[in-house]
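>
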Amino acid sequence: MKKLTFAVLCALGLSAQAAPVTSIPGGTVLPMPVLQYFGAGPQVLAPGVIWSSANNSSVYGYDAGYGFANNGFWTGLSMAGTNDSTSTMMLAFSQAVSGVGAFLNYAAPRNYGTATIAAYDSTFTLIESTTLTFLTNGGTNQGEFHGFMENTPSISYFTMTGAYIGATEFTVLAVPEPATYGMLLAGLGLVGMAARRRKT
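In mature numbering (1 follows the signal peptide of the UniProt record, and there is no 0), the protein residues as written are -18 to -1, 1 to 182.
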C-alpha cells in the first residue's frame, strides 16, 4: 500500500511540462469578430480570454490585408497582428488552460526580427517558448499552426512577439470539468482499496 500511495503522490506531484505542438486535438477555436481595430487593446476574444498588445498600432479583428514580406499576405481572415518588428501581443486567460495555439505567420526573411511564441503561468513565469522558422511559398492566407500543450491546466498567458507576427484561429484546450477531477480521485481511491484488500 505504501508503494502505491507513493507512486500516486509522485504522479500527482509532477510539474507541468509544456510541449510545442502543431495542433490541439479536442481544442476549441475562438472566433474573432471583424472589428478593423487598431490599438493596444484590451479586446475580449471570448469570456475570460483577453487580447492586448504592447504596440498602439497593432491590429485586432482585422481582415483588410496584412503582409508578411516573403511569407505572403493575409486577406479576409479576421486576425490579430503586432504590426511591428519587435512588439508583443498576448492572450490572457482568467482561468488557466492546458493548451493554446493559433494559425500563425510572420514576416520573413530575418531582417524583420525574430518571431517567438511563449506560454506563461499565472505568476508570469515562463513555461515554454519557441521561435518560428517556417517559410511559406509567399502565397495568400498561408501559415502554420503552432502552440503549446501541458499535462496540467497551467497556461495563463500566451505571447506572440516580433517579426510582424499575425495570428488567427486561436485554439484553447480548457480546464477539465470539476466532475472529471472527482472521477479521477474516486478512481484512485478504488485502486487504493483494491490494493489494500489484496494485501489483507
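The beta-carbon is built from N, C-alpha and C at its ideal position, and this holds for glycine as well.
#1: Is it the case that the Cβ atoms of Ser44 and Met61 are separated by a distance below 8 Å?
#2: Have a look at Val11 and Thr4 and give me their C-alpha separation to the nearest angstrom.
#3: According to DSSP, is Ala161 helix, strand or coil?
#4: My parser needs the beta strand (DSSP E) runs of 3 or more residues fully inside the stretch 88 to 145; what are they?
#5: Determine the DSSP secondary structure at Gly43, reduced to helix, strand or coil.
#6: Could you name the residues of the same chain whose beta carbon sits closer than 7 Å to that of Gly9, not counting the 5 residues immediately before and after it, in chain order?
#7: Taking the C-alpha atoms as reference points, what is the distance between Thr143 and His128?
#8: Considering only residues of the same chain and omitting the five flanking positions on each side of Ser39, which have a CB-CB separation below 7 Å?
#9: Using 10 angstroms around the beta-carbon of Phe106, count the other beta-carbons present and answer buried if the total reaches 16, otherwise exposed.
#10: Kindly confirm or deny that the stretch 67 to 75 and the stretch 28 to 39 touch, where touching means at least three C-beta pairs closer than 8 Å.
On the basis of the data shown:
#1: Your numbering for residue 44 matches position 62 in the sequence shown. Your numbering for residue 61 matches position 79 in the sequence shown. This sequence places Tyr at residue 44; Ser is not what is there. Result yes, Cβ atoms of Tyr44 and Met61 sit closer than 8 Å.
#2: Reading the sequence shown from its first residue, position 29 is the one you call residue 11. Reading the sequence shown from its first residue, position 22 is the one you call residue 4. Going by the C-alpha atoms only, they are around 14 Å apart.
#3: Along the sequence shown, one-based indexing puts residue 161 at 179. Note that Ala161 has pLDDT 40, beneath the 50 cutoff, so the model's placement of it is unreliable and the number below is only indicative. DSSP places Ala161 in helix when its eight states are reduced to three.
#4: 98 to 102, 108 to 113, 126 to 131, 137 to 143
#5: Your numbering for residue 43 matches position 61 in the sequence shown. Strand.
#6: Your numbering for residue 9 matches position 27 in the sequence shown. Only Gly81, Thr153, Val154, Leu155 meet the Cβ criterion.
#7: Sequence index remark: in the sequence shown, residue 143 carries index 161 (1-based). Sequence index remark: in the sequence shown, residue 128 carries index 146 (1-based). Taking the straight line from one Cα to the other gives about 13 Å.
#8: Here residue 39 refers to the residue found at position 57 of the sequence shown. Closer than 7 Å at the Cβ level, and outside the excluded window around Ser39, lie Phe20, Asn65, Asp66.
#9: The residue you call residue 106 lines up with position 124 of the sequence shown. Exposed, since its Cβ has fewer than 16 Cβ neighbours within 10 Å.
#10: yes
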